[in-house]
Amino acid sequence: LLHGAEAIGLKKEYKDGSIREFCFTDRYNFTNQEDDDFLLESEKHQIIKVELDSLRALDEKYVPGHQSIKLYPGKSIFRRLASNELITDFFPLHDRPALHKLRWAWYKTIDLNLRQPLENHRLESDFQKNLITKILVFDFANNFLALFYIAFIYDDMPMLRQTLRNLFLVHMIVSQALESLLPYWTFRYRSSLYRATLKSNRKAELTMHEQTCLELQRDTYWGTFDDYLELWLQFGYVVLFSCVYPPAAIFALINNVIEMKSDAFKMCNVYRRPFVYQTNGIGTWKVAFEALSYLAVVSNLALIFHTSRFIEGIYKVFPDASTINIILAFVAVEHILLGVRWLISYAVPVVPHWVKVETQRMKYFSLQALKRQ
Numbered sequence: 001l002l003h004g005a006e007a008i009g010l011k012k013e014y015k016d017g018s019i020r021e022f023c024f025t026d027r028y029n030f031t032n033q034e035d036d037d038f039l040l041e042s043e044k045h046q047i048i049k050v051e052l053d054s055l056r057a058l059d060e061k062y063v064p065g066h067q068s069i070k071l072y073p074g075k076s077i078f079r080r081l082a083s084n085e086l087i088t089d090f091f092p093l094h095d096r097p098a099l100h101k102l103r104w105a106w107y108k109t110i111d112l113n114l115r116q117p118l119e120n121h122r123l124e125s126d127f128q129k130n131l132i133t134k135i136l137v138f139d140f141a142n143n144f145l146a147l148f149y150i151a152f153i154y155d156d157m158p159m160l161r162q163t164l165r166n167l168f169l170v171h172m173i174v175s176q177a178l179e180s181l182l183p184y185w186t187f188r189y190r191s192s193l194y195r196a197t198l199k200s201n202r203k204a205e206l207t208m209h210e211q212t213c214l215e216l217q218r219d220t221y222w223g224t225f226d227d228y229l230e231l232w233l234q235f236g237y238v239v240l241f242s243c244v245y246p247p248a249a250i251f252a253l254i255n256n257v258i259e260m261k262s263d264a265f266k267m268c269n270v271y272r273r274p275f276v277y278q279t280n281g282i283g284t285w286k287v288a289f290e291a292l293s294y295l296a297v298v299s300n301l302a303l304i305f306h307t308s309r310f311i312e313g314i315y316k317v318f319p320d321a322s323t324i325n326i327i328l329a330f331v332a333v334e335h336i337l338l339g340v341r342w343l344i345s346y347a348v349p350v351v352p353h354w355v356k357v358e359t360q361r362m363k364y365f366s367l368q369a370l371k372r373q
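The letter at position 336 of the sequence shown is residue 336 when you use UniProt numbering, and the numbering goes up by one with no holes.
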């Protein structure tokens, strides 16, 4: 496992407190490297999966016992078995004792099937970028265009406030029910059918085979796409119309507190245990959230300028103001606020300075270690 950690470039804490890529020959300088929990269980799963994927055929011409399934030198054996359905499912098991401890800690501390046609993307990041862009455009129109119509065409602020409140609350309740409660009760029903076939007592400890068959009844966790989409829609409801319905921010805070607990619950009790994948950020989702924040400036300012009370106030202060003057004032204020928004994002770095220093320091030590070899 330690050799595998070095092969995949796993980063662990060094004795000086920095985070470096693990090196087997330098393993004694890593913090707690002799402990059994030096590698997280998810990291062990990742190493095992990478090793299985890297198994290559040598001189064998076919799979033993299956002469119709040919093997090609240098090609992945595991993927060949999976593509021919000799391996039907492949997933890690939940650590039941660890989950039991987690549940007590929680108590103490308080489908739309998203698919995309095959487009032969070279990188997984390109595939995710195109998928996210298409879905976000559709969901933006589906969730927010009606509200903009009520605000600027129908021109009914009380109706906009009521509609926004109803849509936001229904979105919160339905999302929690669909992503946690419904899959949980579906699993409970399927697992009860399987448990009825077991001869052992329900309270008795399950064997490895029984636990595997039981967790096979769970749904597969397909990734964080739905979770990010839910947060993006919630963020849109809050910021795009914040001047119309300020309590939305309070409801969002309450929902996010519940969301943290429900996400932990569904990962441990509803879905199969997923493999971990390394990534350098949230990708296109960062751009999507930033786009909403810029659009929120324009949206809220337009809502304020569009109200009759604000227009009457302008005419009281500037009796000779024309429609063109009001539009020019809107454009000027909008540009100023967008500039302030950009300055804030520019002034606050995405990566803190001390993180950049530690990263460069880690690269320097790695380069020096390579020179000494």
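Beta carbons are placed, not taken as given, at the ideal position from N, Cα and C, and that holds for glycine. It should be emphasised that the depicted structure is a prediction, and the values quoted were computed from it without experimental measurement.
>> Whole angstroms are fine: how far does the CA of Ala252 sit from the CA of Leu147?
In response: Counted from its first residue, the sequence shown places residue 147 at position 147. Counted from its first residue, the sequence shown places residue 252 at position 252. Roughly 18 Å separates the two Cα atoms.
>> For a test of the three-state rule: what should DSSP assign to Leu112, helix, strand or coil?
In response: Residue 112 sits at position 112 when you count from the first residue of the sequence shown. With a pLDDT of only 37 at Leu112, under 50, the local geometry of the prediction cannot be trusted, and no value is derived from it.
> Once you ignore the five residues that flank Ser200 on each side, which residues in its own chain have a CB closer than 7 Å to its CB?
Replying inline: Start at 1 with the first residue of the sequence shown, and residue 200 comes out as number 200. With a pLDDT of 47 at Ser200, under the threshold of 50, the modelled position of that residue is not reliable, and the figure given next carries that caveat. Once the five neighbours on either side are set aside, Ser200 has no close Cβ partner at all.
> Taking Cys213 as the reference, which of Val244, Lys356, His94 and Met362 has the closest Cα?
Replying inline: On the sequence shown, residue 213 is found 213 positions in, with the first residue counted as 1. It is His94.
>> Rounding to the nearest angstrom, what Cα-Cα distance links Asn142 and Met172 in this structure?
In response: Here residue 142 refers to the residue found at position 142 when the sequence shown is read from its first residue. Here residue 172 refers to the residue found at position 172 when the sequence shown is read from its first residue. Whole-angstrom Cα-Cα distance: 16 Å.
> At what residues does the alpha helix (DSSP H) containing Ile258 begin and finish?
Replying inline: As a position in the sequence shown, residue 258 is number 258, starting the count at 1. Segment Ala248 to Asn269, the alpha helix (DSSP H) holding Ile258.
>> Quick check on DSSP: helix, strand or coil for Arg56?
In response: Translated into positions along the sequence shown, residue 56 becomes position 56. Arg56 falls in the strand class under three-state DSSP.
>> Quick check on DSSP: helix, strand or coil for Arg20?
In response: Residue numbering aside, residue 20 sits at position 20 when the sequence shown is read from its first letter. Residue state for Arg20 is assigned as strand, using DSSP reduced to three classes.
> Trp232 to Lys75, Cα distance in whole Å?
Replying inline: Mapped onto the sequence shown, residue 232 falls at position 232. Mapped onto the sequence shown, residue 75 falls at position 75. Taking the straight line from one Cα to the other gives about 41 Å.
>> Our contact map puts Thr284 next to Lys129 with C-beta atoms below 8 Å; I'd like the distance itself, whole angstroms only.
In response: For this step, residue 284 is matched to residue 284 along the sequence shown. For this step, residue 129 is matched to residue 129 along the sequence shown. Confirmed, about 5 Å.
>> Please list the terminal residues of the continuous alpha helix (DSSP H) segment that includes Leu304.
In response: If you number the sequence shown from 1, residue 304 lands on position 304. Residue identity check: residue 304 is Ile in the sequence provided, not Leu. Element bounds for Ile304: Thr284 to His306.
> Would Trp354 count as contacting chain B if we go by Cβ distances under 7 Å?
Replying inline: Among the protein chains of the structure shown there is no chain B, as only one such chain exists.
>> By the three-class DSSP mapping on this structure, what secondary structure does Gln211 have?
In response: Taking the sequence shown and counting its residues from 1, the one referred to as residue 211 is at position 211. Three-state result, Gln211: helix.
> Can you give the Cα-Cα distance for Val357 and Ala249, rounded to whole angstroms?
Replying inline: Working through the sequence shown from its first residue, we reach residue 357 at position 357. Working through the sequence shown from its first residue, we reach residue 249 at position 249. Between Val357 and Ala249, the C-alpha separation is close to 36 Å.
> Whose C-alpha, out of Val257, Gln33 and Phe365, is nearest the C-alpha of His3?
Replying inline: For the purposes of this step, residue 3 is taken as residue 3 along the sequence shown, with counting starting at 1. The option with the nearest alpha carbon to His3 is Gln33.
> At what residues does the alpha helix (DSSP H) containing Ile344 begin and finish?
Replying inline: As a first step, residue 344 is located in the sequence shown; it is residue number 344 there, counting from the start. Where Ile344 is concerned, the enclosing alpha helix (DSSP H) stretches over Thr323 to Ala347.
> Near Lys12, what residues of its chain come up, given a Cβ to Cβ distance below 6 Å and the 5 sequence neighbours on each side ignored?
Replying inline: Locating residue 12 in the sequence shown gives position 12, where the first residue counts as 1. Correct list, in chain order: Phe22 and Phe30.
> Between which two residues does the alpha helix (DSSP H) harbouring His94 extend?
Replying inline: On the sequence shown, residue 94 is found 94 positions in, with the first residue counted as 1. Counting along the chain, His94 falls outside any alpha helix (DSSP H), and DSSP gives it neither H nor E.
> How many Å lie between Gln360 and Asp26 at the Cα?
Replying inline: Looking up residue 360 in the sequence shown gives position 360. Looking up residue 26 in the sequence shown gives position 26. When rounded, the distance between both Cα atoms is 19 Å.
> DSSP beta-bridge partners for His66?
Replying inline: Numbered from its first residue, the sequence shown carries residue 66 at position 66. Per DSSP, Val63.
> Nearest to Ser42 by CA position, among Gln234, Arg273, Thr163 and Ile77, is which residue?
Replying inline: Counting from one through the sequence shown, the residue named residue 42 turns up at place 42. Distances from the CA of Ser42 to each of Gln234, Arg273, Thr163 and Ile77 were compared; the closest alpha carbon is that of Arg273.
> First and last residue of the beta strand (DSSP E) that includes Glu13?
Replying inline: By one-based count along the sequence shown, residue 13 stands at place 13. Counted as a single uninterrupted DSSP element, the beta strand (DSSP E) harbouring Glu13 occupies residues Lys11 to Glu13.
> Per DSSP, what kind of secondary structure is Glu180 in: helix, strand or coil?
Replying inline: Along the sequence shown, one-based indexing puts residue 180 at 180. Inspection of the sequence shows that residue 180 is occupied by Ser rather than by Glu. Look at Ser180 here: in three-state DSSP terms it is helix.
> Assuming Pro158 and Lys266 make a contact with CB atoms under 8 Å, what is their CB distance in whole Å?
Replying inline: Translated into the one-based positions of the sequence shown, residue 158 becomes position 158. Translated into the one-based positions of the sequence shown, residue 266 becomes position 266. Taking the Cβ atoms as the reference, Pro158 lies roughly 38 Å from Lys266, outside the contact range of under 8 Å.
> Three-state secondary structure (DSSP) at Leu123?
Replying inline: Taking the sequence shown and counting its residues from 1, the one referred to as residue 123 is at position 123. Reduced to three states, the DSSP call for Leu123 is coil.
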